[in-house]
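A.B. asks: Can you read through this structure? Questions will come right after.
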Amino acid sequence: MTKYIGKSVKRLEDKRFITGQGKYTDDIKLVNMAHAYILRSPYAHATINSIDTSEAKAMEGVVAIYTGADIPEAIAGVPCGWQVNFKNGDIMKEPPHPLLVRKKVRHVGDGVAIVIADSKAIAKDASELIDIDYDIHDAVTDPKAAAQAGAPLVHADVPSNTCFDWELGNPKEEVSAAMASAAHVTELEFANQRVVPNAIEPRSAIGHYDTAHDRYTLYTSTQNPHLTRLLMCAFVLGIPEHKVRVVGPDVGGGFGSKIFHYTEEALVTFFSKIVGRPIKWTADRSEAFLTDAHGRDHVTHAKMGFDADGKIVALQAYTYANMGAYLSTFAPAVPTYLHGTLLQGLYTTPKINVDVTATFTHTNAVDAYRGAGRPEATYLLERIIDLAALEMDMDPAELRLKNFIEPFDGVEQEGYVTQVALQYDSGNYAPVLNRALEMVGYEAFRKEQAAQSNGKLLGIGFSTYIEACGIAPSAVVGALGARAGLFESAQVTVQPTGKVSVYTGSHSHGQGHETTFAQVVADRMGIAIEDVEIIHGDSDRVAFGMGTYGSRSLAVGGSAIVKSVDKVLEKGAKIAAHLLEASPDDLDYADGKWTVRGTDKSVAFGDVSLTAYVPHNYPEGLEPGMDFSSFYDPTNFTYPFGAHVAIVEIDKETGAVKLKRFIAVDDVGNVINPMIVDGQIHGGLAQGIGQALHEGTVYDESGQLINGSYMDYCMPRADDLPSFEVDRTVTPCPHNPLGVKGAGEAGCIGSTPAVVNAVIDALWKGGFKVKDVPMPMTPERVWTAMQ
Amino acid sequence: MANNISITVNGKTHTGEVEARTLLVDYLREHLSLTGTHIGCDTSSCGACTVHVDGKAVKSCTMLAVQADGCEVTTVEGLSTNGSLHPIQEGFREEHGLQCGFCTPGMMMTATDLLKRNPNPTEHEIREALEGNFCRCTGYHNIVKSIQHAANKMNEATA
Chain F
1 MTKYIGKSVK RLEDKRFITG QGKYTDDIKL VNMAHAYILR SPYAHATINS IDTSEAKAME
61 GVVAIYTGAD IPEAIAGVPC GWQVNFKNGD IMKEPPHPLL VRKKVRHVGD GVAIVIADSK
121 AIAKDASELI DIDYDIHDAV TDPKAAAQAG APLVHADVPS NTCFDWELGN PKEEVSAAMA
181 SAAHVTELEF ANQRVVPNAI EPRSAIGHYD TAHDRYTLYT STQNPHLTRL LMCAFVLGIP
241 EHKVRVVGPD VGGGFGSKIF HYTEEALVTF FSKIVGRPIK WTADRSEAFL TDAHGRDHVT
301 HAKMGFDADG KIVALQAYTY ANMGAYLSTF APAVPTYLHG TLLQGLYTTP KINVDVTATF
361 THTNAVDAYR GAGRPEATYL LERIIDLAAL EMDMDPAELR LKNFIEPFDG VEQEGYVTQV
421 ALQYDSGNYA PVLNRALEMV GYEAFRKEQA AQSNGKLLGI GFSTYIEACG IAPSAVVGAL
481 GARAGLFESA QVTVQPTGKV SVYTGSHSHG QGHETTFAQV VADRMGIAIE DVEIIHGDSD
541 RVAFGMGTYG SRSLAVGGSA IVKSVDKVLE KGAKIAAHLL EASPDDLDYA DGKWTVRGTD
601 KSVAFGDVSL TAYVPHNYPE GLEPGMDFSS FYDPTNFTYP FGAHVAIVEI DKETGAVKLK
661 RFIAVDDVGN VINPMIVDGQ IHGGLAQGIG QALHEGTVYD ESGQLINGSY MDYCMPRADD
721 LPSFEVDRTV TPCPHNPLGV KGAGEAGCIG STPAVVNAVI DALWKGGFKV KDVPMPMTPE
781 RVWTAMQ
Chain Y
1 MANNISITVN GKTHTGEVEA RTLLVDYLRE HLSLTGTHIG CDTSSCGACT VHVDGKAVKS
61 CTMLAVQADG CEVTTVEGLS TNGSLHPIQE GFREEHGLQC GFCTPGMMMT ATDLLKRNPN
121 PTEHEIREAL EGNFCRCTGY HNIVKSIQHA ANKMNEATA
């Protein structure tokens, strides 16, 4: 029954995109629509003394201009969806994030006024006539500096700018004792720099109030329309949820940055009723740089201890995590439960302690960006273990193999219980690394490296990672501070003619759900894939959903679909049994028909569905119709893993790094569509490599983001990257019906440290024994390291 | 200030008034509702707005509509003819050259321009030709393969 599962079915959604018929939010035009421009603070930290909008308001074509003073007091701002407590039990500091600032701006890009006009050009022109008198104050942008005495305070009532401090794992004394017994300790201080997600579609939102039905519609470039609706209705605007429809139409990439509920969504919704016209706001790229939630931004000091044989005996990590000026929707979860919990990695480390201090700074908010905490955890572990191998003169692959957790399938063998609060589902780690070594031709490479003598330095870097995906069991995330459940829902409606409409709460913004989910449904029902339609992204069509992030769509959303499909087939069997005058227990279902076992008597799926809607000859007591909803709440996270290898060449004269090869062997559990999974890996790799070599924000001392455009922020381009060499192993997830683990973030999690380790390896083998070169590893930084 | 212009887009001539400051991309999207051409940045860096003007790939955010007066413009909506997909469109579908689809129209317009100039590009030449087009989803890997696929198809057709 696997006509589609496991096959590289070409994507069903592609036709509209390759013919220019995709419908992204900014493509939508509503009758009488007005356009908004948001005037933003040019200062990182300043007090607003006065705002004069009179001249701007007088401009022809301006509909209205509102400032913070026009927002009712009851609307405090956009909420945070995850609570982390201080070590002493106090609740984290959670200052309000206002829709428009009234008095004090806290980062460059903080919204000060919304200008609504007949066109975006008029709105922009008018914004230049708004006169604001600011008192400018000192700013702090570094997460560690923010916690030091004397640092400018972002919020007057948050001492030391500390949002929370947090600790996980074994007691520090136990870790210290183990560390003291180590034969070798490797220590590393580094920054995991701030990067910008940079979905190519800038965020966009249209608010529309319909007076006839007293109802709002918000079109928005979001990864989770239902969560946006819940947050905006219940926690921002106080509008009854059933009076709001949120549509996330085609969305041009998210990478985490479109999970969150943003101020602009609430602004266009709220003011659309007041001005009596639909209002569209679309970010310029420069606004996207200033306001799309950023990623990473950790400053870490870590120590790993080894015994004389190279076995890891202890890990201690201290991290300062930058929250930005305000808490974005999931920000507190990222450096804690998505980072600290992953510090077991693939290793048997017996003692682990992680200590995190999250601080506010005068910068844009930081939140989940592809991988969210897990890339930071992987970077920490994989940098330090590769450095340890260099320091101990051991082979980095052998050192990893020596420390890997033994295989366990999660069925016969229990899931592996970590020192940092998780139980892995299933894992078999040596094969991914061994396969990567085979693909790279490891021995031959080392010989080539030793013989290199052309003014270039060759290096190889490894990274073996694990991630927690399929986010996740509601009870677990609730215990960890989530203020929402993280199940998923799915409705399967069989039409009378046997065609199937599937409504999923997952949201596709490039992941290919319309194909992958259809493969699952078509195979399970034994029908043609053309007879299945996947519908997502509209709160009026899909009853409920939690959206797409944390590589959860197939593991959680797909499982919800499977549950509904199974309910359809269970009911179908009752109807088929009635039509065939047999017992449901005596029927087999295959290839789209029920057959009485051992006979040639059968009835097709389409006949059964028609009977369900034309129930003339029908089982007594059975409801008509064929329409089932399900909610699926998993019992655990899923744990994909993999091994990545980078080969780089450094030009000794210039410090320029050329990425020559990149090998990725990932295990994402069962695979529904290999083509799509490979594509997800490729994209993740490019982002992870981008962080290692090209990307990174630069804030100056006054808090200006001085590389906030594509002219200044180095995005990876086609000629910066090689073609990737990818393969996989398959270790099924034991606890979801599809055995899948998730593939969206893997590439981004494993790749960054592999590239950096390759550069460090090249430098060491060239005689430059540096412990770290800060990312992005620009030619200037690498050259400096060689001087 | 209004200006009268006449632009032929995908074979159809449009005549009308535009503001002098109207960018070609805004003219296509707002005046003609051809929303397949996208806007991804404000610095002519990302290439999402790439169209053909008189047969050459141009970033339509870098050109004023008035500058295109009298020109022939082709957008992604004009790539397929008589209902059959252009080989570049087939290539992107066959080789999974798109994920979110946002950069795709610009990528395809750049790629068709490349293949016109160089029907047999090497991987390196393809990657260099795509320098001005950002994709955040695919890591470019399958975009390169898509263009190679299209090149093969187009060469077969002319062989």
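Here the protein sequences line up with chains F and Y, keeping their order. So the first sequence is numbered by our numbering: it starts at 1 and just counts up by one. So the second sequence is numbered by our numbering: it starts at 1 and just counts up by one. C-beta: ideal position from N, C-alpha, C; glycine also.
#1: Got a sec? Which residues, its chain only, sit under 8 Å from Gly655 of chain F by beta carbon, not counting five neighbours each side?
#2: Can you tell which of F:Arg435, F:Gly169, F:Ser160 and F:Tyr369 has the C-alpha that lies nearest to the C-alpha of Gln316 of chain F?
#3: How far does the alpha helix (DSSP H) with Leu39 of chain F in it extend, from its first residue to its last?
#4: Just by C-beta distance, which residues in the stretch 177-211 of chain F are closer than 9 Å to chain B?
#5: If you compare alpha carbons, which of F:Gly739, F:Val432, F:Arg483 and F:Thr638 is closest to Val665 of chain F?
#6: Measure from the C-beta of Val98 of chain Y to each C-beta in chain F and report whether the shortest distance is under 8 Å.
#7: What are the residues of the stretch 42-54 of chain Y that lie near chain F, defined by any Cβ-Cβ distance shorter than 8 Å?
#8: Give the residues of chain Y in contact with Asp666 of chain F, contact being defined as C-beta atoms less than 9 Å apart.
#9: Assuming the contact rule is C-beta atoms closer than 8 Å, Val108 of chain F and Ala58 of chain F should be a hit. Round their C-beta distance to whole Å, please.
#10: Can you tell me which residues form a DSSP beta bridge with Leu622 of chain F?
#11: Residues in its own chain within less than 6 Å of Lys273 of chain F by CB, not counting five upstream and five downstream?
#12: What residues of chain F sit near Cys137 of chain Y, judged by a beta carbon separation below 7 Å?
#13: Using a beta-carbon distance cut-off of less than 8 Å, what residues from the stretch 66-95 of chain Y approach chain F?
#14: Anyone know if the C-beta pair for Val63 of chain F and Ala117 of chain F falls short of 8 Å?
#15: Going along the chain, which unbroken runs of the alpha helix (DSSP H) with 4 or more residues stay wholly within the stretch 65-127 of chain Y?
#16: What residues in the stretch 713-730 of chain F bring their beta carbon closer than 7 Å to a beta carbon of chain Y?
#17: Let me know the secondary structure DSSP gives Cys469 of chain F once reduced to three states.
#18: Over the uninterrupted beta strand (DSSP E) stretch that includes Thr62 of chain Y, give me the two end residues.
#19: So, is the C-beta of Gly16 of chain Y closer than 8 Å to a C-beta in chain F?
#20: Pull up the distance between the alpha-carbon of Leu569 of chain F and that of Pro732 of chain F, whole angstroms please.
#21: At a CB distance below 9 Å, what residues from the stretch 545-571 of chain F approach chain Y? Give them in sequence order.
#22: So, at 8 Å on beta carbons, what are the nonlocal neighbours of Gly36 of chain Y in its own chain, with the 5 sequence-adjacent residues on each side left out?
#23: When DSSP labels each residue in this structure, what does Val532 of chain F get in the three-state scheme?
#24: Quick check on Gly11 of chain Y - is its C-beta less than 8 Å from some C-beta in chain F?
#25: Would a check of beta-carbon distances place Gly744 of chain F closer than 8 Å to chain Y?
#26: Where His141 of chain Y and Asp720 of chain F are concerned, what is the direct C-alpha to C-alpha distance, given to the nearest angstrom?
#27: Quick one: does Arg285 of chain F have its CB under 8 Å from some CB of chain Y?
#28: Suppose you measure from the CA of Glu725 of chain F to the CA of Asp165 of chain F; what does that come to, to the nearest Å?
#29: Would you list the residues sitting across from Phe641 of chain F in a DSSP beta bridge?
#30: Quick check: the Cα distance between Ile5 of chain Y and Arg285 of chain F, rounded to an integer number of angstroms?
#31: Take Trp764 of chain F as the anchor and find which of F:Ile352, F:Ala365 and F:Lys652 has the nearest alpha-carbon.
#32: Taking only beta carbons into account, state which residues of the stretch 12-32 of chain F come closer than 9 Å to chain Y, listed in chain order.
#33: With distances taken Cα to Cα, identify the nearest neighbour of Ser328 of chain F among F:Gly81, F:Pro722 and F:Glu649.
#34: To which residues of the same chain is Ala69 of chain F closer than 7 Å at the C-beta, ignoring the five residues directly before and after it?
#35: Could you check how far apart the C-beta atoms of His513 of chain F and Lys280 of chain F are, in whole angstroms? I think they sit under 8 Å.
#36: Can you name the residues that DSSP bridges to Asp210 of chain F?
C.D. replies: Result, derived from the coordinates:
#1: Here residue 655 of chain F refers to the residue found at position 655 when the first sequence is read from its first residue. Excluding sequence positions up to five before and after Gly655 of chain F, its CB lies within less than 8 Å of the CB of Thr778, Pro779, Glu780, Arg781, Val782, Trp783, Thr784, Ala785 and Met786, all in the same chain and listed in chain order.
#2: Numbered from 1 along the first sequence, position 316 holds the residue referred to as residue 316 of chain F. With distances taken between Cα atoms, Gln316 of chain F lies closest to F:Gly169.
#3: For the purposes of this step, residue 39 of chain F is identified with residue 39 of the first sequence, where counting begins at 1. Premise fails: Leu39 of chain F lies in the beta strand (DSSP E), Ala34 to Arg40, not in any alpha helix (DSSP H).
#4: In the structure shown, chain B cannot be found, because the protein chains are F and Y.
#5: Residue 665 of chain F sits at position 665 when you count from the first residue of the first sequence. Selected option, being the one with the closest Cα: F:Val432.
#6: Here residue 98 of chain Y refers to the residue found at position 98 of the second sequence. The question names Val, but residue 98 of chain Y is Leu in the sequence shown. Answer yes: the Cβ-Cβ gap between Leu98 of chain Y and chain F drops below 8 Å somewhere.
#7: The stretch 42-54 of chain Y vs chain F, Cβ under 8 Å: Asp42, Thr43, Ser45, Cys46 and Ala48.
#8: Residue mapping note: residue 666 of chain F aligns to position 666 of the first sequence, counting from 1. Proximity of chain Y to Asp666 of chain F at the Cβ level (cut-off 9 Å) is not reached, the minimal Cβ distance being about 14 Å.
#9: Looking up residue 108 of chain F in the first sequence gives position 108. Looking up residue 58 of chain F in the first sequence gives position 58. The C-beta separation of Val108 of chain F from Ala58 of chain F comes to about 28 Å, leaving the pair out of contact by the 8 Å criterion.
#10: For the purposes of this step, residue 622 of chain F is identified with residue 622 of the first sequence, where counting begins at 1. Per DSSP, none; premise fails for Leu622 of chain F.
#11: Position 273 of the first sequence, counted from the first residue, corresponds to residue 273 of chain F. If you ignore the 5 residues before and after Lys273 of chain F, its C-beta comes within less than 6 Å of the C-beta of Tyr209, all in its own chain and listed in chain order.
#12: For the purposes of this step, residue 137 of chain Y is taken as the residue at position 137 of the second sequence. By Cβ distance, chain F contributes Gly253, Gly510 and Gly683.
#13: Residues passing the 8 Å Cβ filter: Thr75, Val76, Glu77, Leu79, Ser80, Leu85, Gln89, Phe92, Arg93 and Glu94.
#14: For the purposes of this step, residue 63 of chain F is identified with residue 63 of the first sequence, where counting begins at 1. For the purposes of this step, residue 117 of chain F is identified with residue 117 of the first sequence, where counting begins at 1. Between Val63 of chain F and Ala117 of chain F, the CB-CB gap stays under 8 Å.
#15: Taken in chain order, the complete alpha helix (DSSP H) segments of 4 or more residues contained in the stretch 65-127 of chain Y are 87-94 and 104-117.
#16: Correct list: Met715, Arg717, Ala718, Asp719, Leu721, Ser723 and Phe724.
#17: Indexing the first sequence from 1 puts residue 469 of chain F at position 469. Of the three classes helix, strand and coil, the one that applies to Cys469 of chain F here is strand, per DSSP.
#18: Position 62 of the second sequence holds residue 62 of chain Y. Counting along the chain, Thr62 of chain Y sits inside no beta strand (DSSP E), nor does DSSP assign it H or E at all.
#19: Along the second sequence, read from residue 1 onward, the residue named residue 16 of chain Y stands at position 16. No - not a single Cβ of chain F is within 8 Å of the one on Gly16 of chain Y.
#20: On the first sequence, position 569 is the one that residue 569 of chain F refers to. On the first sequence, position 732 is the one that residue 732 of chain F refers to. Those two C-alpha atoms are separated by around 24 Å.
#21: Listed in sequence order: no entries.
#22: On the second sequence, residue 36 of chain Y is found 36 positions in, with the first residue counted as 1. Excluding positions up to five away in sequence, the list reads Thr75, Val76, Glu77 and Pro105.
#23: Here residue 532 of chain F corresponds to residue number 532 of the first sequence, with the count starting at 1. Note: Val532 of chain F maps to strand in three-state DSSP.
#24: For this step, residue 11 of chain Y is matched to residue 11 along the second sequence. Not an interface residue.
#25: In the first sequence, residue 744 of chain F corresponds to position 744, counting from 1. False, the Cβ-Cβ gap to chain Y never drops below 8 Å.
#26: Residue mapping note: residue 141 of chain Y aligns to position 141 of the second sequence, counting from 1. Residue mapping note: residue 720 of chain F aligns to position 720 of the first sequence, counting from 1. So the alpha carbons of these two residues sit roughly 11 Å apart.
#27: Here residue 285 of chain F refers to the residue found at position 285 when the first sequence is read from its first residue. The C-beta of Arg285 of chain F comes closer than 8 Å to at least one C-beta of chain Y.
#28: What you label residue 725 of chain F is simply residue 725 of the first sequence in a count that begins at 1. What you label residue 165 of chain F is simply residue 165 of the first sequence in a count that begins at 1. Going from the Cα of Glu725 of chain F to the Cα of Asp165 of chain F covers about 41 Å.
#29: One-based indexing of the first sequence puts residue 641 of chain F at position 641. F:Ile466 and F:Asp667, per the DSSP bridge assignment.
#30: The residue labelled residue 5 of chain Y in the question sits at position 5 within the second sequence. The residue labelled residue 285 of chain F in the question sits at position 285 within the first sequence. Rounded to the nearest angstrom, the two C-alpha atoms are 29 Å apart.
#31: Here residue 764 of chain F is taken as the residue at index 764 of the first sequence, counted from 1. Comparing Cα-Cα distances from Trp764 of chain F to each of F:Ile352, F:Ala365 and F:Lys652, the minimum goes to F:Lys652.
#32: For the stretch 12-32 of chain F, the set of residues with a beta-carbon nearer than 9 Å to any beta-carbon of chain Y comprises Glu13, Asp14, Lys15, Arg16, Phe17, Ile18, Thr19, Gly20, Gln21, Gly22, Lys23, Tyr24, Asp26, Asp27, Ile28 and Lys29, in chain order.
#33: Taking the first residue of the first sequence as position 1, residue 328 of chain F is located at position 328. Closest by C-alpha distance to Ser328 of chain F, out of F:Gly81, F:Pro722 and F:Glu649, is F:Gly81.
#34: Here residue 69 of chain F corresponds to residue number 69 of the first sequence, with the count starting at 1. Counting only Cβ-Cβ distances below 7 Å, and skipping sequence neighbours, we find Arg102.
#35: Residue numbering aside, residue 513 of chain F sits at position 513 when the first sequence is read from its first letter. Residue numbering aside, residue 280 of chain F sits at position 280 when the first sequence is read from its first letter. Contact doesn't hold; Cβ gap of about 26 Å is too wide.
#36: Sequence index remark: in the first sequence, residue 210 of chain F carries index 210 (1-based). In DSSP, Asp210 of chain F forms a bridge with F:Arg215.
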